[in-house]
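> Under my numbering, the residues of the sequence shown are numbered 21 to 169, in order.
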Amino acid sequence: MDSLTAPDPLLSTHVPSRAGAPIRWGLWAAQSLLAMTYLWSASMKLMQAPADLGAMIPWANDVPEAFLRAIGTVDLAAGLGILLPSITRIAPRLTVWAAVGASVLQVFAMVFHASRGEFAVLPFNAVLLALALFIAWGRASKAPIAVRR
Numbered sequence: 021m022d023s024l025t026a027p028d029p030l031l032s033t034h035v036p037s038r039a040g041a042p043i044r045w046g047l048w049a050a051q052s053l054l055a056m057t058y059l060w061s062a063s064m065k066l067m068q069a070p071a072d073l074g075a076m077i078p079w080a081n082d083v084p085e086a087f088l089r090a091i092g093t094v095d096l097a098a099g100l101g102i103l104l105p106s107i108t109r110i111a112p113r114l115t116v117w118a119a120v121g122a123s124v125l126q127v128f129a130m131v132f133h134a135s136r137g138e139f140a141v142l143p144f145n146a147v148l149l150a151l152a153l154f155i156a157w158g159r160a161s162k163a164p165i166a167v168r169r
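What follows is the structure in structure tokens.
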């Protein structure tokens, strides 16, 4: 193709994938797992009474209810943002930003839990952080999702 007939890369909706099938499948699996985890966490923090959460989440009784609900709202945004933009292909770049936000959330969660001496939770937070970073890297550079037109 010469330069006169070649499609304009800025107008193209096709994003050439630089990744093979294992990376693409791994990203979808990571996105699904992370989204389900955040949505489950959000549902607990937003719908249950703090006293009931105390049995499952030790710190739930030690923080104001507004803080607990705010964290639930952030979890909800992360869960939806990790998966929905990619599935719908409407602003799929938001998945990258949601993954970056989820990464920051996990760093703060690790600091919070470490400050309370809850070291047993840190490996779980580290896994969530690794998944979020993998998604941010993969959807930003290795296997981006094309915008639906």
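Glycine is no exception: its CB is placed at the ideal position from the N, C-alpha and C atoms.
Throw me the rounded Cβ distance for the R44 and K65 pair, which I believe falls under 8 Å.
Position 24 of the sequence shown holds residue 44. Position 45 of the sequence shown holds residue 65. Actually they do not touch by this definition, with Cβ atoms about 32 Å apart.
> Are the region 101–115 and the region 54–63 in contact at 8 Å, needing three or more beta carbon pairs?
Judged by pairs of C-beta atoms under 8 Å, the region 101–115 touches the region 54–63, as three or more such pairs exist.
> Assuming L152 and S123 are in contact, meaning their beta carbons sit under 8 Å apart, how far apart are those beta carbons, in whole angstroms?
In the sequence shown, counting from the first residue as 1, residue 152 sits at position 132. In the sequence shown, counting from the first residue as 1, residue 123 sits at position 103. With the sequence shown as reference, residue 152 is identified as Ala, and Leu is not the correct amino acid for it. Correct: roughly 4 Å between the Cβ atoms.
> Excluding the 5 residues preceding and the 5 following L142 in the sequence, name in chain order all residues of the same chain whose CB lies nearer than 7 Å to its CB.
Counted from its first residue, the sequence shown places residue 142 at position 122. These residues qualify, in order along the chain: M130, H133 and A134.
> Since M56 is in the alpha helix (DSSP H), which residue starts that stretch and which ends it?
Within the sequence shown, numbered from 1, the residue matching residue 56 stands at position 36. From DSSP, the alpha helix (DSSP H) with M56 extends over A41 to M67.
> Would you mind reading off the limits of the alpha helix (DSSP H) that contains N145?
Here residue 145 corresponds to residue number 125 of the sequence shown, with the count starting at 1. Segment L142 to W157, the alpha helix (DSSP H) holding N145.
> CB-CB under 8 Å to A97, same chain, minus the five flanking residues each way: which ones, in chain order?
Against the sequence shown, residue 97 aligns to sequence position 77. Closer than 8 Å at the Cβ level, and outside the excluded window around A97, lie A118 and G121.
> Report the option in A69, A41 and I91 whose CA atom is closest to the CA atom of N81.
Translated into the one-based positions of the sequence shown, residue 81 becomes position 61. Of the candidates A69, A41 and I91, the one whose C-alpha sits nearest the C-alpha of N81 is A69.
> Go to D95, then tell me how far its alpha helix (DSSP H) extends in each direction, as first and last residue.
The sequence position of residue 95 within the sequence shown is 75, counting from 1. Unbroken alpha helix (DSSP H) run through D95: E85 to T108.
> Look at the Cβ atom of M105, then the Cβ atom of T93, and state whether they are nearer than 8 Å.
Counting from one through the sequence shown, the residue named residue 105 turns up at place 85. Counting from one through the sequence shown, the residue named residue 93 turns up at place 73. One detail in the question is off: residue 105 reads as Pro in this sequence, not Met. Their beta carbons are not under 8 Å apart, which means P105 does not touch T93 by this criterion.
> Specify the secondary structure class of R113 as computed by DSSP and reduced to three states.
Looking up residue 113 in the sequence shown gives position 93. R113 falls in the helix class under three-state DSSP.
> Determine the direct distance from the alpha carbon of W48 to that of G137, and round the result to whole angstroms.
Taking the first residue of the sequence shown as 1, we reach residue 137 at position 117. Taking the first residue of the sequence shown as 1, we reach residue 48 at position 28. Cα-Cα distance, rounded: 34 Å.
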